[in-house]
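A short worksheet on the structure shown next.
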Amino acid sequence: MRVAIIGAGISGLALAYYLQKLGVRYDLFESEPEVGGVIKSMQHGPYQLELGPHSLQMNQELEELLQELKLEEDVLRPTPQSTHRYIRKDGEFYCLPSTPKLLLQDSFFHWRTKLQISQETQLPPQEIPEETVSQFFQRRFGQEVVDYLINPMVAGLYAGDPDKLLLERTFPGLKELEREHGSVLKGLDLQQDLPSKPVVSLVNGLQSLPQAIASKLVSLHLDHKVEMIHRAKGKYLLSIQHDVEGLGDEEFDAVVIALPAHAAAELLDFTSPGLAAALYNVTYVPLTVVHTAYRKHAVGYPLAGFGALHPQKENPFSLGAVWSSSLFPGTCPPDEVLFTSFIGGSQAPEAAQLPEAEILLQVHEELRENYSISSKLPVFQHCYRWPTGFPQADMFINDVHQLLELLEPEQLYACANWLTGPAVPDCVRHAKQLAQKIYSQRPSFP
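Quick note: the sequence shown uses UniProt numbering, first residue 1, plus one each step.
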């Protein structure tokens with residue numbers, strides 16, 4: 001059996017790695033000269049910048065992968081104060097309580113909202129087709145929870161809009177709690193004894209993870225752009241740019257698409273036009289990432305936490321900011337603080353597309369106001385744009401899932417963040433599961 005994997009982001013790399021461990025022949029094609037996809041790190045003088053994901057939430061698959069890649073010693077643990085997460089409300093920052101019980105004791109929500117939260121255990125479960133995240137939380141916890149907790153959280157995690165994202169594609173675990181226990185709070189209460197998943201980074205930046213995987217692969221082909229997929233007599237043939245090895249003459253038993261949805265659609269126009277049409281409909285939103293540094297003595301607000309999110313109700317410029325130097329102190333000089341701000345997303349796409357100078361100025365002015373910063377100018381600023389960086393799990397994604405299931409008998413698969421969600425650990429888990437599925441089907445091939 002031979003498998004073609006197209007795209008060397010974290011999903012494609014992890015899939016190739018697990019197939020190689022299982023002894024399955026594969027070829028991994030990447031059109032760019034480097035691997036990693038949206039995982040991008042940059043050392044800019046004394047500043048360690050993460051341009052994509054800023055940290056990883058550990059799960060079993062990721063922990064095992066880091067051990068196998070000999071990256072355990074490079075793992076950076078955050079400071080203890082990183083458990084403190086803040087949300088801006090009425091012009092002030094509130095430290096978010098860590099449990100529903102503490103939330104009911106806090107002043108963050110109005111007493112009517114807290115009463116509704118306390119009565120959630122009495123609500124009957126409901127099955128609502130294509131229920132959005134907002135609809136779910138509004139019916140179980142109330143509109144204030146949607147406005148000041150779910151809205152900023154979804155914007156921070158997915159650059160998304162809870163009014164559009166589907167609950168079962170975004171937070172499937174919460175829906176399962178409602179089904180199994182009749183209540184989200186009852187289910188969460190039973191899970192309190194489970195260990196929390198730590199957040200980590202890597203000494204040389206998160207991009208060292210995809211680079212470490214790539215260094216182990218025996219059949220990785222960089223600067224090889226696949227232009228078309230052909231299927232004939234149950235086999236796949238690829239049209240490949242810069243094909244000096246003659247790989248376009250090879251037959252593949254299976255193909256795995258590990259590309260952004262629209263790039264995947266272009267490849268599949270001829271082979272699978274139905275899936276291609278669905279992939280063209282996948283929604284992507286722009287996001288701009290801005291890093292800003294100030295002298296520590298110029299910042300009047302104590303940065304003791306992970307960072308702060310900004311609800312849309314507050315009319316912010318940015319979605320929020322990670323307090324990068326408080327989370328991982330080595331990201332900037334010791335006498336400075338480093339913020340990572342996120343602009344745009346589904347709720348304000350036009351902000352991400354403003355001229356760079358205007359974005360930098362507005363981020364600086366917002367940070368000055370929010371954190372009582374006395375400096376007229378930052379010590380350092382850097383801007384990076386993702387024009388189509390984040391796929392959205394909205395109503396259009398269901399067609400993609402259904403069509404992919406129908407195409408599995410033809411050995412056409414997908415392994416990408418528009419399928420699993422943007423979290424790197426979820427991409428790694430899905431890649432491992434898909435590798436096992438492909439391996440288990442080997443006997444059906446001669």
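Glycine included, C-beta positions come from ideal geometry on N, C-alpha and C.
Please say whether Cys415 and Ala393 have beta carbons closer to each other than 8 Å? Mapped onto the sequence shown, residue 393 falls at position 393. Mapped onto the sequence shown, residue 415 falls at position 415. Between Ala393 and Cys415, the CB-CB gap reaches or exceeds 8 Å.
So, does the stretch 205-222 touch the stretch 4-20, judging by three or more C-beta pairs under 8 Å? yes
For Cys332, name the three-state secondary structure that DSSP assigns. By 1-based counting over the sequence shown, the position of residue 332 is 332. Correct three-state label for Cys332: coil.
Uninterrupted beta strand (DSSP E) stretches inside the stretch 39-87 (no shorter than 3 residues): 41-44 and 47-50
Is it buried or exposed for Ser444, if we count other Cβ within 10 angstroms and need 16 for buried? As a first step, residue 444 must be located in the sequence shown, where it is residue number 444. In this prediction, Ser444 has a pLDDT of 49, which is less than 50 and means its spatial position is unreliable; nothing more can be read from the coordinates.
Please tell me whether Ile229 and Val255 are closer than 8 Å, where the distance is taken between their beta carbons. Taking the sequence shown and counting its residues from 1, one reaches residue 229 at position 229. Taking the sequence shown and counting its residues from 1, one reaches residue 255 at position 255. Yes, Cβ-Cβ distance for Ile229 and Val255 is below 8 Å.
So, for Lys374: in the same chain, excluding its five sequence neighbours on each side, which residues have a beta-carbon less than 6 Å away from its beta-carbon? Looking up residue 374 in the sequence shown gives position 374. The sequence as given places Ser at residue 374; Lys does not occur at that position. Sequence-distant Cβ neighbours of Ser374 in its own chain, meaning closer than 6 Å and more than five residues away, are Ala298.
Grab the span of the beta strand (DSSP E) containing Lys235 for me, first residue to last. Translated into positions along the sequence shown, residue 235 becomes position 235. Looking at the DSSP string, the run of the beta strand (DSSP E) that includes Lys235 is Lys235 to Ile240.
Where do the N-terminal and C-terminal ends of the beta strand (DSSP E) with His310 fall, by residue? For this step, residue 310 is matched to residue 310 along the sequence shown. Premise fails: His310 is in no beta strand (DSSP E) and is neither H nor E.
Please report how far the alpha carbon of Asn417 lies from the alpha carbon of Cys427, in whole angstroms. For this step, residue 417 is matched to residue 417 along the sequence shown. For this step, residue 427 is matched to residue 427 along the sequence shown. Distance from the CA of Asn417 to the CA of Cys427, rounded to the nearest whole angstrom, comes to 6 Å.
Going by the beta-carbon positions, is the gap between Arg85 and Gly305 smaller than 8 Å? For the purposes of this step, residue 85 is identified with residue 85 of the sequence shown, where counting begins at 1. For the purposes of this step, residue 305 is identified with residue 305 of the sequence shown, where counting begins at 1. A contact, by the Cβ cut-off of 8 Å.
Can you give the beta carbon distance from Lys40 to Tyr148, rounded, assuming they're within the 8 Å contact cut? Position 40 of the sequence shown, counted from the start, is the residue given in the question as residue 40. Position 148 of the sequence shown, counted from the start, is the residue given in the question as residue 148. That pair is no contact at about 31 Å.
If you draw a straight line from the C-alpha of Leu190 to the C-alpha of Leu174, how long is it? Numbered from 1 along the sequence shown, position 190 holds the residue referred to as residue 190. Numbered from 1 along the sequence shown, position 174 holds the residue referred to as residue 174. Going from the Cα of Leu190 to the Cα of Leu174 covers about 13 Å.
Would you check if there are 3 or more beta carbon pairs closer than 8 Å linking the stretch 72-82 to the stretch 148-167? no
What does the alpha-carbon distance come out to for the pair residue 517 and Leu185? This structure gives no information on residue 517, because the portion of the chain shown stretches from 1 to 446.
Run through DSSP, which three-state label would Ala224 get? Translated into the one-based positions of the sequence shown, residue 224 becomes position 224. Looking at the sequence itself, residue 224 is His, so the reference to Ala does not match. DSSP places His224 in coil when its eight states are reduced to three.
By a C-beta neighbour count over all protein chains shown, 10 Å radius and 16 as the cutoff for buried, is Lys376 buried or exposed? Taking the first residue of the sequence shown as position 1, residue 376 is located at position 376. So Lys376 counts as exposed.
Please report the residue range of the beta strand (DSSP E) in which Pro286 lies. Looking up residue 286 in the sequence shown gives position 286. Its beta strand (DSSP E) spans residues Tyr284 to Arg295.
Ala214 to Gly9 span [Cα, whole Å]: As a first step, residue 214 is located in the sequence shown; it is residue number 214 there, counting from the start. As a first step, residue 9 is located in the sequence shown; it is residue number 9 there, counting from the start. Cα-Cα distance, rounded: 10 Å.
Measure the alpha-carbon distance for Ser196 versus Ser324 and round it to whole angstroms. Mapped onto the sequence shown, residue 196 falls at position 196. Mapped onto the sequence shown, residue 324 falls at position 324. Whole-angstrom Cα-Cα distance: 21 Å.
How is Glu250 classed by DSSP in three states: helix, strand or coil? As a position in the sequence shown, residue 250 is number 250, starting the count at 1. Coil at Glu250, not helix or strand.
Give the C-beta separation of Ile438 and Leu19 to the nearest angstrom, bearing in mind that I take them to be a contact with Cβ-Cβ under 8 Å. Working through the sequence shown from its first residue, we reach residue 438 at position 438. Working through the sequence shown from its first residue, we reach residue 19 at position 19. Taking the Cβ atoms as the reference, Ile438 lies roughly 7 Å from Leu19, within the contact range of under 8 Å.
Taking residue 453 and Ala352 to be in contact with their CB atoms under 8 Å, please state how far apart those CB atoms are, rounded to whole angstroms. Here the chain covers residues 1 to 446 and nothing more, so residue 453 does not appear.
Sequence-distant residues of its chain with Cβ nearer than 8 Å to Val379 (five each side left out): On the sequence shown, position 379 is the one that residue 379 refers to. Taken in chain order, the residues that qualify are Ala293, Tyr294, Arg295 and Glu336.
Does Arg442 pass the burial test, meaning 16 or more other C-beta atoms within 10 Å, or should it be called exposed? To locate residue 442, count along the sequence shown from 1; it is residue 442. When all chains shown are included, Arg442 counts as exposed.
Which parts of the stretch 87-143 are runs of the alpha helix (DSSP H), unbroken and 4 residues or longer, counting only runs that do not cross its ends? 100-105, 111-118 and 133-141
Coarse secondary structure for Trp386, derived from DSSP in three states: Looking up residue 386 in the sequence shown gives position 386. Reduced to three states, the DSSP call for Trp386 is strand.
Can you round the beta-carbon distance between Phe252 and Ala4 to whole angstroms, since I take them to be within the 8 Å contact cut? Against the sequence shown, residue 252 aligns to sequence position 252. Against the sequence shown, residue 4 aligns to sequence position 4. Going by Cβ atoms, the distance from Phe252 to Ala4 rounds to 4 Å, so yes, they are a contact pair.
Sequence-distant residues of the same chain with beta carbon closer than 6 Å to residue 466, five excluded per side: With the chain covering only 1 through 446, there is no way to say anything about residue 466.
Figure out for me which residue from Glu408, Ile343 and Gln347 has the closest Cα to the Cα of Gln362. Numbered from its first residue, the sequence shown carries residue 362 at position 362. Comparing Cα-Cα distances from Gln362 to each of Glu408, Ile343 and Gln347, the minimum goes to Ile343.
Can you give me the C-alpha to C-alpha distance between Glu131 and Pro124, rounded to a whole angstrom? Here the question's residue 131 lines up with position 131 in the sequence shown. Here the question's residue 124 lines up with position 124 in the sequence shown. Going by the C-alpha atoms only, they are around 16 Å apart.
Express the C-alpha separation of Phe390 and Tyr158 in angstroms, rounding to a whole number. Stepping through the sequence shown from its first residue, residue 158 is reached at position 158. Stepping through the sequence shown from its first residue, residue 390 is reached at position 390. Cα to Cα, the separation comes out at about 7 Å.
Can you give me the Cβ contacts of Arg429 inside the same chain, cut-off strictly under 7 Å, excluding the 5 residues immediately before and after it? Translated into positions along the sequence shown, residue 429 becomes position 429. Asn59 and Glu61.
Could you give the DSSP three-state label for Ser324: helix, strand or coil? Translated into the one-based positions of the sequence shown, residue 324 becomes position 324. Of the three classes helix, strand and coil, the one that applies to Ser324 here is helix, per DSSP.
Three or more C-beta pairs under 8 Å: does that hold for the stretch 235-251 against the stretch 25-34? yes
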